[in-house]
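Numbering-wise (this note's numbering), the sequence shown opens with residue 1 and increments by one.
Glycine included, C-beta positions come from ideal geometry on N, C-alpha and C.
No experiment lies behind these values; they were computed from the predicted model shown.
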Amino acid sequence: MTPPIPVKILVAGGFGVGKTTTVGSISEIAPLTTEAEMTTAGIGVDDPGQRSGKTTTTVAMDFGCVTIDRSLKLYLFGTPGQTRFGFMWDDLARGALGALVVVDSARLDDCYPAIDFFERSGLPFVVGVNAFDGRLAHDLGAIRWALAIGEHVPLVQFDARDRLSVRDALLVVLDRALDRATREKRA
């Protein structure tokens with residue numbers, strides 16, 4: 001039997017939007033996390049939002065994996081969300097097929113650096129709006145407009161805590177990456 005094809009996918013976004021939760025909720029292995037306790041030095045620098053009870057932060061990356069079927073295995077790399085760790089994104093993106101940019105609809109400003117990064121890099125990406133408490137602060141049309149992303153960028157609502165919801169968002173990333181690869185092959 002042929003082993004599954006390994007596919008690298010990034011899970012990116014701003015600080016406290018649910019990247020670690022996204023990786024952890026679908027990974028079939030205990031996810032590797034590089035969480036560190038937030039300290040008083042981060043006050044005013046790291047703002048997880050008013051609704052958050054967040055006490056840790058990713059300082060390098062998260063890693064998990066999930067087998068899609070016998071032919072495909074996703075290796076998920078969660079990026080750190082703070083701007084000061086942005087220098088790592090180029091290395092984490094190397095070899096990736098696509099990305100899921102996780103967004104908190106109540107804190108849209110936090111996702112602009114991630115969207116800008118993937119637009120500049122040319123890596124196919126999907127914007128996944130994490131439905132905190134099952135709700136969005138704005139509807140998807142208003143979010144698309146506020147983020148200034150074109151119709152060619154898929155925008156999906158998902159729940160980072162729900163395995164099936166995360167699976168569906170990742171399948172959109174795979175579809176986007178496959179679509180791009182098919183177009184490039186024809187060209």
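Beta-bridge partners of Asp-69, as assigned by DSSP: Residue mapping note: residue 69 aligns to position 69 of the sequence shown, counting from 1. Partner(s): Leu-72.
Please confirm whether Val-73 and Pro-31 have their CB atoms less than 8 Å apart. The sequence position of residue 73 within the sequence shown is 73, counting from 1. The sequence position of residue 31 within the sequence shown is 31, counting from 1. The sequence given here has Lys at residue 73, not Val. Against a cut-off of 8 Å, the Cβ pair of Pro-31 and Lys-73 comes out as no contact.
Between the alpha carbons of Gly-18 and Ala-160, how many angstroms are there, rounded? Sequence index remark: in the sequence shown, residue 18 carries index 18 (1-based). Sequence index remark: in the sequence shown, residue 160 carries index 160 (1-based). If I take the Cα positions, the gap works out to 6 Å.
Do Ala-12 and Thr-67 have their C-beta atoms closer together than 8 Å? Indexing the sequence shown from 1 puts residue 12 at position 12. Indexing the sequence shown from 1 puts residue 67 at position 67. Note that the C-beta distance between Ala-12 and Thr-67 is not below 8 Å.
Threshold first: 3 residues or longer. Then list the beta strand (DSSP E) segments lying entirely within the stretch 70 to 145, N to C. 72 to 78, 98 to 104 and 125 to 130
State the CB to CB distance for the pair Val-126 and Ala-169, rounded to an integer number of angstroms; the pair is presumed to be in contact (CB under 8 Å). Here residue 126 is taken as the residue at index 126 of the sequence shown, counted from 1. Here residue 169 is taken as the residue at index 169 of the sequence shown, counted from 1. The pair is a contact, with the Cβ atoms about 7 Å apart (cut-off 8 Å).
Just confirm the distance between the C-beta atoms of Ala-99 and Val-173, as a whole number of angstroms; I'd bet it's less than 8 Å. The residue labelled residue 99 in the question sits at position 99 within the sequence shown. The residue labelled residue 173 in the question sits at position 173 within the sequence shown. At roughly 7 Å, the Cβ-Cβ gap stays under 8 Å, so Ala-99 and Val-173 are in contact.
Taking 8 Å as the limit between beta carbons, can you name the residues of its chain near Ala-265, skipping five residues before and five after? The structure shown does not extend to residue 265, since the chain is modelled only from 1 through 187, so no value can be given for it.
Kindly indicate which residue of Asp-109, Arg-70 and Gly-14 has the alpha-carbon position closest to the one of Leu-147. Here residue 147 corresponds to residue number 147 of the sequence shown, with the count starting at 1. Looking at the Cα atoms, Asp-109 is the closest of the given residues.
Helix or strand or just coil, what does DSSP make of Val-172? Sequence index remark: in the sequence shown, residue 172 carries index 172 (1-based). Correct three-state label for Val-172: helix.
What is the DSSP secondary structure of Thr-33, counted as helix, strand or coil? Here residue 33 refers to the residue found at position 33 when the sequence shown is read from its first residue. Thr-33: strand per DSSP, three-state reduction.
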